[in-house]
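Numbering (my numbering), first residue to last: 20 to 191. Don't be surprised by glycine CBs; every beta carbon is placed ideally from N, CA and C. Since the structure comes first, as structure tokens, the remarks are kept for the end.
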């Protein structure tokens, strides 16, 4: 199989994951498609660095982290701030459920945007993408103990943010 064929297989297998992860990592919805394309340019360029097929998702995630960080820096330097709907498919049965899903995604993204990059990455990988902690650590190139420490801190920050959000809603 050629390098291009390998990238095509990776694209089919990991494309939806990479697209979703970029948004969860804070890439503005208007920039997600560009960031997504950039991820697969890097995949093509660095394909020779991939050691094990079973670490493919972790490897792609590592690329997504770096691309997302760059896109967030670019966006923040332009001073644009927005929390919009994620590009995730929703199949609600009623309009109320659709609205609730949209609001929940907006709140989640607003909370994730408050986390620093290290905490956000661990939280997204472990809690939302349901990777094993050794895969999280491998993706982030940190010891497992460090990943657990970041997860504890991220959970505490998320819990605090959720409490503040609920308190604000009670007073409205």
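Report yes or no: do three or more beta-carbon pairs, one from the segment 151 to 168 and one from the segment 176 to 191, lie closer than 8 Å? In short, these stretches do not touch, since the Cβ pair count stays below three.
Return the chain-ordered list of same chain residues with a C-beta closer than 7 Å to the C-beta of residue 59, the five sequence neighbours on each side being excluded. For this step, residue 59 is matched to residue 40 along the chain shown. These residues qualify, in order along the chain: 26, 30.
So, does the segment 83 to 95 touch the segment 161 to 170, judging by three or more C-beta pairs under 8 Å? Taking 8 Å as the limit for Cβ pairs, the verdict is that the segment 161 to 170 does not touch the segment 83 to 95.
Tell me the residue span of the alpha helix (DSSP H) that contains residue 35. By 1-based counting over the chain shown, the position of residue 35 is 16. Segment 22 to 43, the alpha helix (DSSP H) holding residue 35.
In terms of residue numbering, what span does the alpha helix (DSSP H) encompassing residue 142 cover? Position 123 of the chain shown, counted from the start, is the residue given in the question as residue 142. 136 to 142 is the span of the alpha helix (DSSP H), which, as asked, contains residue 142.
What is the DSSP secondary structure of residue 61, reduced to helix, strand or coil? Within the chain shown, residue 61 is the residue found at index 42, counting from 1. Here residue 61 sits in helix by DSSP.
Whole-angstrom Cβ separation of residue 86 and residue 54, contact assumed at under 8 Å? On the chain shown, position 67 is the one that residue 86 refers to. On the chain shown, position 35 is the one that residue 54 refers to. The Cβ separation is near 5 Å, so the contact holds.
Identify, in the order they occur along the chain, each residue of the same chain with its Cβ nearer than 6 Å to the Cβ of residue 77, setting aside the five sequence neighbours on each side. In the chain shown, the residue the question calls residue 77 occupies position 58. Scanning its chain for C-beta atoms nearer than 6 Å, with the 5 sequence neighbours on each side dropped, one finds around residue 77 the residues 154, 157, 158, in chain order.
Are there 16 or more other CB atoms within 10 angstroms of the CB of residue 41, so buried, or fewer, so exposed? Mapped onto the chain shown, residue 41 falls at position 22. Buried is the label assigned to residue 41, since at least 16 other Cβ atoms lie within 10 Å of its Cβ.
Closest by CA to residue 34, which one among 64, 79, 24? Reading the chain shown from its first residue, position 15 is the one you call residue 34. For the set 64, 79, 24, the Cα lying nearest the Cα of residue 34 is the one of 79.
Out of curiosity, what's the CA-to-CA distance linking residue 178 and residue 125? On the chain shown, residue 178 is found 159 positions in, with the first residue counted as 1. On the chain shown, residue 125 is found 106 positions in, with the first residue counted as 1. Distance between the alpha carbons of residue 178 and residue 125: 16 Å.
At which residues does the alpha helix (DSSP H) containing residue 180 begin and terminate? Here the question's residue 180 lines up with position 161 in the chain shown. Annotation: the continuous alpha helix (DSSP H) that includes residue 180 extends over 163 to 189.
Cβ-Cβ distance between residue 152 and residue 163 below 7 Å: Within the chain shown, the letter at position 133 stands for residue 152. Within the chain shown, the letter at position 144 stands for residue 163. A contact, by the Cβ cut-off of 7 Å.
Outcome for residue 28 when other beta-carbon atoms lying within 10 angstroms are tallied against a minimum of 16: In the chain shown, counting from the first residue as 1, residue 28 sits at position 9. Counting Cβ neighbours within 10 Å, residue 28 comes out exposed, since fewer than 16 surround it.
Proximity of residue 134 and residue 186 at Cβ, strictly below 7 Å: Here residue 134 refers to the residue found at position 115 of the chain shown. Here residue 186 refers to the residue found at position 167 of the chain shown. Not a contact, by the Cβ cut-off of 7 Å.
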